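S.K.: Going by numbering that gives the first Met the number 0, 358 is the number at position 359 of the sequence shown; the sequence numbering is gapless.
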Amino acid sequence: MQKDNTSTWTLDQFPVPEKDGETRFHDFDLDLSLMRGIAEQGFQYCTPIQAEVLEHTLAGADAIGRAQTGTGKTAAFLITVINDLLRHPIQVKRYAGEPRALIVAPTRELAMQIEKDARALAKYTDLQVMSVVGGMNFNRQQERLQNELIDILVATPGRLLDFAKRRDLWLDRVEFLVLDEADRMLDMGFIPDVKRIVGMTPKPQYRQTQLFSATFSDDVMNLANRWTEAAEVVEIEPTQVTTDTVEQKVYITNADDKFTLLYNLITGMNMDKVIVFANRRDITRRVSDRLQKKGLKVSLISGDVPQTQRMKTLERFRAGDLQVLIATDVAGRGIHIDGVSHVVNYNLPEDPEDYVHRIGRTGRAGASGMSISFACEDDAFLLPELENAIGMKLECEYPPSDLLAEKDSKNGNTHQPG
């Protein structure tokens with residue numbers, strides 16, 4: 000199942016030399032049309048989780064993987080799914096609303112990022128990819144499910160169940176099931192929904208299942224063992240994600256000084272692409288409004304921002320039209336944007352794993368980045384847990400006085416506090 004223009008392309012056009020200690024995508028016997036998609040994405044050598052997962056899953060095994068966002072896990076499970084669908088085309092009559100592969104993700108942003116990655120990898124095949132997520136046009140998704148043959152379906156739990164209840168979607172033909180960010184689905188209360196979804200798919204021995212999670216809690220492992228069969232367990236330590244490529248700094252400050260400190264950091268350090276994380280929607284809106292009044296190009300994504308607006312905001316940020324993106328943890332999950340120079344934690348996250356996730360937005364793909372966290376009287380007690388999560392001591396310091404000085408955004412004059 001490949002498009003005609005692939006026949007003019009050969010592996011000779013994608014030379015990747017062998018390298019000690021590295022696994023190439025060439026080293027796996029992948030379908031040529033998939034390899035062309037991989038070549039166009041610029042993937043040459045596998046990340047650690049890709050190398051380990053593909054070794055097992057391309058041979059048909061189930062997999063349970065522990066890895067942070069940004070380690071390449073999405074490509075790992077997509078390559079397995081796409082390759083197998085291409086190698087084993089359906090010989091019997093197919094019907095609309097019966098996907099061959101189902102990928103379940105906890106948030107709209109992550110689901111849509113997976114869909115985008117799948118389309119890119121399957122570009123030179125005839126595989127049909129779509130996502131069903133809340134906050135998007137229901138009728139348009141419904142029409143496509145009712146009228147088209149879908150090979151790979153990426154979904155958030157709620158919208159998936161909506162379509163299943165309406166009998167627009169049938170999961171009894173699913174050959175591949177991928178559950179991404181299982182720990183986040185637990186945290187968000189999605190597990191009852193996911194249990195119903197898994198129950199609609201064939202039994203574990205009749206499908207290939209991959210489950211990924213940033214943490215392996217007892218709850219996650221219980222679910223993983225229930226939903227997989229003789230799964231290979233792959234663990235990639237997160238330390239490299241957080242420490243090798245990201246410089247981390249913590250400023251001890253008062254809650255009242257946070258905004259001034261943020262503004263002075265952004266302007267004083269010429270941060271050209273910065274994500275600011277806050278714990279609540281009202282904080283993101285307040286900070287966004289104040290930065291806009293000071294003339295910065297800023298926008299926000301949070302749970303109460305319509306999905307279409309979030310997508311436009313992310314594209315503007317990706318394109319460089321926005322200097323500052325302000326996000327909550329749930330909305331920020333699944334943001335994959337290259338070139339983010341700085342991450343600022345306006346509030347320390349209550350969940351240490353969210354800290355790892357946040358700072359992983361910068362320092363991606365081997366580039367360097369900087370994370371700056373504000374710790375005040377309200378949340379400094381969270382620091383020991385964050386340090387345990389990343390396995391290192393965070394150096395705390397008081398910000399220089401010039402970073403706490405009120406500055407006139409028009410002429411740069413400063414007004415010392417107090």
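The beta carbon of each residue, even a glycine, is placed where N, CA and C say it ideally should be.
Keep in mind that this is a model prediction, so the values were computed, not measured.
Quick one: what's got a C-beta closer than 8 Å to T73's C-beta in the same chain, skipping five residues either side?
M.R.: Sequence index remark: in the sequence shown, residue 73 carries index 74 (1-based). Around T73: Q112, I113, D116, D179.
S.K.: How about the stretch 373–383 and the stretch 242–262: do they share at least three Cβ pairs that are nearer than 8 Å?
M.R.: Contact holds: three or more Cβ-Cβ distances are below 8 Å.
S.K.: State buried or exposed for L152, treating a residue as buried only when at least 16 other CB atoms are found within 10 Å of its CB.
M.R.: Translated into the one-based positions of the sequence shown, residue 152 becomes position 153. Result: buried.
S.K.: How is Q112 classed by DSSP in three states: helix, strand or coil?
M.R.: Here the question's residue 112 lines up with position 113 in the sequence shown. DSSP places Q112 in helix when its eight states are reduced to three.
S.K.: Exposed or buried, which one is D61 when buried takes at least 16 other CB atoms within 10 Å?
M.R.: Position 62 of the sequence shown holds residue 61. By the 10 Å Cβ count, D61 comes out buried.
S.K.: Classify S367: buried if its beta carbon has 16 or more other beta carbons within 10 angstroms, exposed otherwise.
M.R.: Within the sequence shown, numbered from 1, the residue matching residue 367 stands at position 368. Per the 10 Å Cβ criterion, exposed.
S.K.: Which full runs of the beta strand (DSSP E) of 3+ residues lie inside the stretch 123–203, going along the chain?
M.R.: If we require 3 residues or more, the beta strand (DSSP E) runs fully inside the stretch 123–203 come out as 128–131, 151–154, 175–178.
S.K.: Could you have a look at D401 and say whether DSSP puts it in helix, strand or coil?
M.R.: For this step, residue 401 is matched to residue 402 along the sequence shown. DSSP places D401 in helix when its eight states are reduced to three.
S.K.: Can you name, in chain order, every residue of its own chain whose Cβ lies under 6 Å from the Cβ of T238, other than the five neighbours on each side?
M.R.: Along the sequence shown, read from residue 1 onward, the residue named residue 238 stands at position 239. Low local confidence applies: a pLDDT of 47 at T238 is under 50, so the model's placement there is unreliable, with the coordinate-based value given in what follows. Excluding sequence neighbours, T238 sits near G390.
S.K.: Helix, strand or coil for F42? Go by DSSP, reduced to three states.
M.R.: Walking along the sequence shown from the start, residue 42 turns up at place 43. F42: coil per DSSP, three-state reduction.
S.K.: What are the partner residues of A100, as DSSP defines its beta bridges?
M.R.: Locating residue 100 in the sequence shown gives position 101, where the first residue counts as 1. Note: A100 sits in a beta bridge opposite I151, F175.
S.K.: Which stretch, first to last residue, makes up the beta strand (DSSP E) that contains R65?
M.R.: On the sequence shown, position 66 is the one that residue 65 refers to. Counting along the chain, the beta strand (DSSP E) containing R65 begins and ends at 62–65.
S.K.: Starting from the Cα of K296, find the closest Cα among A277, N269, G302, D281 and give me that residue.
M.R.: Locating residue 296 in the sequence shown gives position 297, counting from the first residue. Taking only the C-alpha atoms, the option nearest K296 is N269.
S.K.: Going by the DSSP bridge assignment, what does T9 pair with across the sheet?
M.R.: Indexing the sequence shown from 1 puts residue 9 at position 10. For T9, which the question treats as bridged, DSSP gives no partner whatsoever.
S.K.: Could you say which of E97, L85, E108, F24 lies nearest to A75 if we only look at CA atoms?
M.R.: Looking up residue 75 in the sequence shown gives position 76. Minimum Cα distance to A75 is reached at F24.
S.K.: In terms of alpha-carbon separation, which member of N136, L185, L160, Q207 lies closest to V173?
M.R.: Numbered from 1 along the sequence shown, position 174 holds the residue referred to as residue 173. Measuring from the Cα of V173, the nearest candidate turns out to be Q207.
S.K.: Which residue marks the beginning of the alpha helix (DSSP H) containing H55, and which one marks its end?
M.R.: Reading the sequence shown from its first residue, position 56 is the one you call residue 55. Here the alpha helix (DSSP H) through H55 covers 47–56.
S.K.: Step through the CB atoms of chain E and report whether any lies within less than 8 Å of the CB of G188.
M.R.: Chain labels in this structure do not include chain E; a single protein chain is all it has.
S.K.: Check for me: the beta strand (DSSP E) holding Q247 runs from which residue to which?
M.R.: Indexing the sequence shown from 1 puts residue 247 at position 248. Its beta strand (DSSP E) spans residues 245–251.
S.K.: Measuring only the C-alpha atoms, how far is L210 from P105?
M.R.: Counting from one through the sequence shown, the residue named residue 210 turns up at place 211. Counting from one through the sequence shown, the residue named residue 105 turns up at place 106. Cα to Cα, L210 sits roughly 13 Å from P105.
S.K.: Check the DSSP bridge columns for H335 and list the partner residues they point to.
M.R.: Position 336 of the sequence shown, counted from the first residue, corresponds to residue 335. Beta-bridge pairing links H335 to no other residue.
S.K.: Between R309 and R165, what straight-line distance do the alpha-carbon atoms span, to the nearest angstrom?
M.R.: For the purposes of this step, residue 309 is taken as the residue at position 310 of the sequence shown. For the purposes of this step, residue 165 is taken as the residue at position 166 of the sequence shown. Going by the C-alpha atoms only, they are around 27 Å apart.
S.K.: Secondary structure at Q308, three-state DSSP: helix, strand or coil?
M.R.: For this step, residue 308 is matched to residue 309 along the sequence shown. Helix at Q308.
S.K.: Just the Cα atoms here: how many angstroms apart are L109 and V103?
M.R.: Reading the sequence shown from its first residue, position 110 is the one you call residue 109. Reading the sequence shown from its first residue, position 104 is the one you call residue 103. Roughly 10 Å between the two C-alpha positions.
S.K.: For T244, which residues from the same chain have a beta carbon less than 6 Å from its beta carbon, with the 5 sequence-adjacent residues on both sides left out?
M.R.: Counting from one through the sequence shown, the residue named residue 244 turns up at place 245. Here the set comprises G362, S367.
S.K.: From the DSSP output, read off the bridge partner residues of M369.
M.R.: Counted from its first residue, the sequence shown places residue 369 at position 370. In the DSSP output, where bridge partners are listed per residue, M369 has E246, H341.
S.K.: Between which two residues does the alpha helix (DSSP H) harbouring E384 extend?
M.R.: For the purposes of this step, residue 384 is taken as residue 385 along the sequence shown, with counting starting at 1. Unbroken alpha helix (DSSP H) run through E384: 382–389.
S.K.: Determine whether the beta carbon atoms of L261 and Y345 lie at a separation below 8 Å.
M.R.: For the purposes of this step, residue 261 is taken as residue 262 along the sequence shown, with counting starting at 1. For the purposes of this step, residue 345 is taken as residue 346 along the sequence shown, with counting starting at 1. Going by C-beta atoms, L261 is nearer than 8 Å to Y345.
S.K.: Buried or exposed for F380, going by 16 or more other Cβ atoms inside 10 Å?
M.R.: Within the sequence shown, the letter at position 381 stands for residue 380. It is exposed - the Cβ of F380 has fewer than 16 other Cβ atoms within 10 Å.
S.K.: By alpha-carbon positions, which one of G319, R280, L347 ends up nearest to V329?
M.R.: As a first step, residue 329 is located in the sequence shown; it is residue number 330 there, counting from the start. Closest by alpha carbon: R280.
S.K.: In three-state DSSP terms, what is A75?
M.R.: Counted from its first residue, the sequence shown places residue 75 at position 76. In this structure, A75 counts as helix in the three-state DSSP scheme.
S.K.: DSSP puts Q207 in a beta bridge; with which residues?
M.R.: What you label residue 207 is simply residue 208 of the sequence shown in a count that begins at 1. Answer by DSSP bridge pairing, in chain order: F175.
S.K.: Tell me which same chain residues have a C-beta within less than 7 Å of the C-beta of R317, skipping the five on either side of it?
M.R.: Translated into the one-based positions of the sequence shown, residue 317 becomes position 318. Closer than 7 Å at Cβ, skipping near neighbours: I336.
S.K.: Whole angstroms are fine: how far does the CA of A100 sit from the CA of L170?
M.R.: Here residue 170 refers to the residue found at position 171 of the sequence shown. Here residue 100 refers to the residue found at position 101 of the sequence shown. Taking the straight line from one Cα to the other gives about 9 Å.
S.K.: Are the beta-carbon atoms belonging to I358 and V342 less than 8 Å from one another?
M.R.: Locating residue 358 in the sequence shown gives position 359, where the first residue counts as 1. Locating residue 342 in the sequence shown gives position 343, where the first residue counts as 1. Yes. Within cutoff.
S.K.: With a 10 Å radius around its C-beta and 16 neighbouring C-beta atoms as the bar for buried, classify T305 as buried or exposed.
M.R.: As a working mapping, residue 305 is identified with position 306 in the sequence shown. Checking the sequence, you will find Pro at residue 305 rather than Thr. Classification of P305: exposed, given that the 10 Å Cβ count is below 16.
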